[in-house]
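**Q** Have a look at this one.
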Amino acid sequence: MDYESQPYHVTAALVEWLLVIGAAALIALFVGGVVALFLAGRRAPALVFAALKRGFSDLTSLSVRRIGALARLTIQESLSRRTLLVLFVFVSLFAAGNLFLQSPGQDMPAKPFVSFVMTSIRWVLIPVALLLSCWGLPADIKSRSLHTVVTKPVHRSEIVIGRMLGYSLLTSFILFVVALLGLIWIQRVVPERSKPQLTARVPVYCDLEDFFFLDRNGQTGKGLNVGDMWEHRGFIEGQTKSRAVWIFEGVDESYLNDEGELRMEYSFEAFRSHKGRIDEGVRFRLHLVNEEKGLDVPYPQRGAGLEVQEFSGERAARKDQEKPIIDIPRELSRTVGLDEDGSKVDLFDDLVEDGKLRIELSCEDDGQYIGAANTDLFIRLADKPFAVGYFKAIFGLWLMVVLVCIIGTTASCFLKGPVATLLTFGLVILGHPMRSYMENQLQQLDEKGRVLGGGMLEACYRLVTQMNVQSPLPENDATRVIQYLDTHIFNGLKIAEFIIPNFKHFDMTVFVANGFDVPWMDAGAAIVPAILTVLGYLIPCVILGYFSLQLRELEAK
11 MDYESQPYHV TAALVEWLLV IGAAALIALF VGGVVALFLA GRRAPALVFA
61 ALKRGFSDLT SLSVRRIGAL ARLTIQESLS RRTLLVLFVF VSLFAAGNLF
111 LQSPGQDMPA KPFVSFVMTS IRWVLIPVAL LLSCWGLPAD IKSRSLHTVV
161 TKPVHRSEIV IGRMLGYSLL TSFILFVVAL LGLIWIQRVV PERSKPQLTA
211 RVPVYCDLED FFFLDRNGQT GKGLNVGDMW EHRGFIEGQT KSRAVWIFEG
261 VDESYLNDEG ELRMEYSFEA FRSHKGRIDE GVRFRLHLVN EEKGLDVPYP
311 QRGAGLEVQE FSGERAARKD QEKPIIDIPR ELSRTVGLDE DGSKVDLFDD
361 LVEDGKLRIE LSCEDDGQYI GAANTDLFIR LADKPFAVGY FKAIFGLWLM
411 VVLVCIIGTT ASCFLKGPVA TLLTFGLVIL GHPMRSYMEN QLQQLDEKGR
461 VLGGGMLEAC YRLVTQMNVQ SPLPENDATR VIQYLDTHIF NGLKIAEFII
511 PNFKHFDMTV FVANGFDVPW MDAGAAIVPA ILTVLGYLIP CVILGYFSLQ
561 LRELEAK
């Protein structure tokens, strides 16, 4: 699995959230004050203060009983619209998947089946959440049934929260049912030979700043580029001092397996500058290093070294379908290539220093190269059952559906059903499929000061004039105007990055499909960032929905 593990900083995220919420509140207060000033004149400050006071009172004096009653009413109304028919759609998808994913042999891996289930659940439930949350309130306003509700002793904030809760509970029930069906389907259709892939490996990665390369002279440098366009991996040269270095922190005896060994897993890449021995793989060796004590213990200690699996067929040919793993014993010898034993060293007493274990990778074949990335070598703790990782990924999908219900309900407070649906679905698309593209553009702008091909206006100019992205623009006033406007457009894109929810936090399919446990803390898809994202949007959405209902005419048809 090609994945870059990055730490998630909760404190920084909280500070960023407070700044964005504070700025949005000030802008909303300013705009509201200006509008009130034009409409009410001198009475504007008093009206704004009264609205804020009433809003604070309504938002802080919520009734759990009334919210529960509104949620129950929301569920009953949704069921009357035959929402549960989506279950039949899901069963139909499973029937189609069972037809198209059939394999003539037993070599079919488990990954396509798991990915199919997770993708089906996500794209079946998103439309359901959209239709429920975006069309409910506008339909009630049109039928004037919501006017009947607001004439009762109930706050409009409770209407917003009750709607969000009702839609979330109903979609949660649907998600629970389809998740169980999906798990049963996976267990039944995955070939018996691929069943060992249905697991939840627990990896321990080193931090990104603790992974680096040594050049051929043994000095800190960068990994070599062998011509790959994707620079995910750096390469080390064989039979030199060039090495890839990982420093794992927090290593203790609890990391040992039942046999008292430290299990590690690798997924390196080989590059041949000459054919060499084609019937043998490119060889490598790991070195356990303690610089303070001057220890450099290689593993394996004897023989030619381990081989990189260069082709996917090599793994498919293995009967056990096991991942390439290395079990490092606690007691090691410092002798390499000799029959007699050398001095003994203890893994934790001699090599681990203050919980840090330094591991270096060397290539043993002259003229060959081995590529490595931060996540290509990790400590593998005891595996968990597949159901653990599966339901953690389902929990991430549940949080995503809840967020869609929250945003859709908020949008329906000030927009009609079709427009609210387009707005919410647009945020979903921008928050996940388009998020990586947006982040890549802004990263280019920060690092290089410009984006390849320019901004929106420059790209349009190049399309019209059929100019490629490498050719410089002519030096004239029109070019300067285009670049000036594009700069401000990118500034708007930076602001949008903070407003649009990051739906990548909820997509944990890559972990469960590749046989990994879902992490709790990571800057990508992880449990804690997903929870904080939902909470971060819940509070402002409730406030926005409340004031929108306060200003909306509920008797209009």
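Residue numbering for the sequence shown follows this note's numbering, beginning at 11 and increasing consecutively.
The beta carbon of each residue, even a glycine, is placed where N, CA and C say it ideally should be.
These numbers come from a predicted model, not from an experiment.
#1: In terms of residues, what are the limits of the alpha helix (DSSP H) holding E26?
#2: How many angstroms separate the CA atom of L559 from the CA atom of R173?
#3: I need the DSSP call for P137, collapsed to helix, strand or coil.
#4: Does the separation of the CB atoms of L452 and A540 fall below 8 angstroms?
#5: Would DSSP call R368 helix, strand or coil?
#6: Whole angstroms are fine: how far does the CA of V199 sit from the CA of L135?
#7: Exposed or buried, which one is T420 when buried takes at least 16 other CB atoms within 10 Å?
#8: Leaving out five residues before and five after P550 in sequence, what residues of the same chain have Cβ atoms less than 8 angstroms from its Cβ?
#9: Report the three-state DSSP secondary structure of H297 (helix, strand or coil).
#10: In terms of residues, what are the limits of the alpha helix (DSSP H) holding Q493?
#11: Taking all protein chains shown into account, decide if V470 is buried (16 or more other Cβ within 10 angstroms of its Cβ) or exposed.
#12: Determine contact between the stretch 401-417 and the stretch 486-499, defined as no fewer than three beta-carbon pairs at a distance below 8 angstroms.
#13: Restricting to Cα atoms, I'd like to know which of R273, K303 and I288 is closest to R280.
#14: Pop quiz: I404 and A139 are said to be a contact at Cβ under 8 angstroms. What is the actual Cβ separation, rounded to whole angstroms?
#15: Any idea which residues DSSP pairs Q378 with across the strands?
#16: Let me confirm a value: I169 is counted as buried when at least 16 other C-beta atoms fall within 10 Å, else exposed. Which label applies?
#17: So, does the stretch 15-25 touch the stretch 529-540, judging by three or more C-beta pairs under 8 angstroms?
#18: For S343, which of V299, G146 and V438 has the nearest alpha-carbon?
#19: Please tell me whether R472 and G463 are closer than 8 angstroms, where the distance is taken between their beta carbons.
#20: Cβ atoms of F278 and I196: under 8 angstroms apart, would you say?
#21: I'd like to confirm the pairing. Which residues does DSSP put opposite I288 in its beta bridges?
#22: Excluding the 5 residues flanking E363 on each side, which residues of the same chain have their C-beta closer than 7 angstroms to its C-beta?
#23: Taking the beta strand (DSSP E) that E269 falls in, what are its first and last residues?
#24: Give a yes or no on contact between the stretch 142-151 and the stretch 395-404, applying the rule of three or more CB pairs nearer than 8 angstroms.
#25: How would you label V215, buried or exposed, when you count the other beta carbons within 10 angstroms and need 16 or more for buried?
#26: Let me know the secondary structure DSSP gives G78 once reduced to three states.
#27: May I have the straight-line CA-CA distance separating F9 from I85, to the nearest angstrom?
#28: When the Cα atoms are used, what is the spatial distance from E87 to I336?
#29: With C-beta atoms as the reference, is R562 less than 8 angstroms away from N512?
#30: Smallest Cα separation from A9: which of G192, R82, F48 and V58?
#31: Spatial neighbours of N478 within its chain, please: CB distance less than 8 angstroms, with the 5 preceding and 5 following residues excluded, ordered by chain position.
#32: In chain order, what residues of the same chain lie with their CB nearer than 7 angstroms to the CB of Y494, ignoring the 5 residues before and after it?
#33: Under 8 angstroms between the Cβ atoms of L224 and V261?
#34: Using 8 angstroms for Cβ pairs, my map puts T385 next to C144. What's the rounded Cβ distance?
#35: Just verifying my parser: in three-state terms, what is the DSSP assignment at L342?
#36: E219 by DSSP, collapsed to three states: which one?
**A** The structure says:
#1: V20 to A50 is the extent of the alpha helix (DSSP H) around E26.
#2: Looking at the two C-alpha atoms, the distance is approximately 13 angstroms.
#3: In the structure shown, P137 adopts helical secondary structure according to DSSP, grouped into three states.
#4: No, these two residues do not count as a Cβ contact at 8 angstroms.
#5: R368: strand per DSSP, three-state reduction.
#6: Cα to Cα, L135 sits roughly 23 angstroms from V199.
#7: In summary, T420 is buried, with 16 or more beta-carbon neighbours lying within 10 Å of its beta-carbon over all protein chains present.
#8: Cβ within range, chain order: I31 and A34.
#9: H297 falls in the strand class under three-state DSSP.
#10: Start and end: D487 to I509.
#11: According to the sequence provided, residue 470 is Cys. The question's Val does not apply to it. Sixteen is the threshold: since fewer than 16 other Cβ atoms of the shown chains lie within 10 Å of the Cβ of C470, the residue is exposed.
#12: Not touching, per the Cβ criterion.
#13: Residue identity differs from the one stated: residue 280 is Ala in this sequence, not Arg. The option with the nearest alpha carbon to A280 is I288.
#14: Rounded, the Cβ-Cβ distance is 15 angstroms, inconsistent with contact.
#15: Answer by DSSP bridge pairing, in chain order: R282.
#16: Label assigned to I169: buried.
#17: Between the stretch 15-25 and the stretch 529-540 there are three or more inter-stretch CB-CB distances shorter than 8 angstroms, so the stretches are counted as touching.
#18: The shortest Cα separation from S343 among V299, G146 and V438 belongs to V299.
#19: In this structure, R472 places its C-beta atom within 8 angstroms of the C-beta atom of G463.
#20: In this structure, F278 does not lie closer than 8 angstroms to I196 by Cβ.
#21: Its beta-bridge partners do not exist; DSSP assigns none.
#22: The beta carbon of E363 sits closer than 7 angstroms to the beta carbons of N300 and E302 from its chain, once the five residues preceding and following it are set aside; these are given in chain order.
#23: Secondary structure note for E269: it is in no beta strand (DSSP E), with a DSSP letter that is neither H nor E.
#24: They do not touch, by the three-pair rule.
#25: In the sequence as presented, Val is not what sits at residue 215; that position holds Tyr. Label assigned to Y215: buried.
#26: Reduced to three states, the DSSP call for G78 is helix.
#27: A question about residue 9 goes unanswered here, because the residues of the chain that appear run from 11 up to 567.
#28: Per the coordinates, the alpha-carbon of E87 lies some 57 angstroms from the alpha-carbon of I336.
#29: Not closer than 8 angstroms, so no.
#30: The first residue shown for the chain is 11 and the last is 567, placing residue 9 beyond what the model contains.
#31: Excluding the 5 residues flanking it on each side, N478 has same chain C-beta neighbours closer than 8 angstroms at R472, in chain order.
#32: Sequence-distant partners of Y494 (beyond 5 residues in either direction) whose C-beta falls short of 7 angstroms from its own C-beta are missing from its chain.
#33: The answer is no: Cβ separation not under 8 angstroms.
#34: The distance from the Cβ of T385 to that of C144 is about 39 angstroms, inconsistent with a contact at the 8 angstroms cut-off.
#35: Strand at L342.
#36: Reduced to three states, the DSSP call for E219 is helix.
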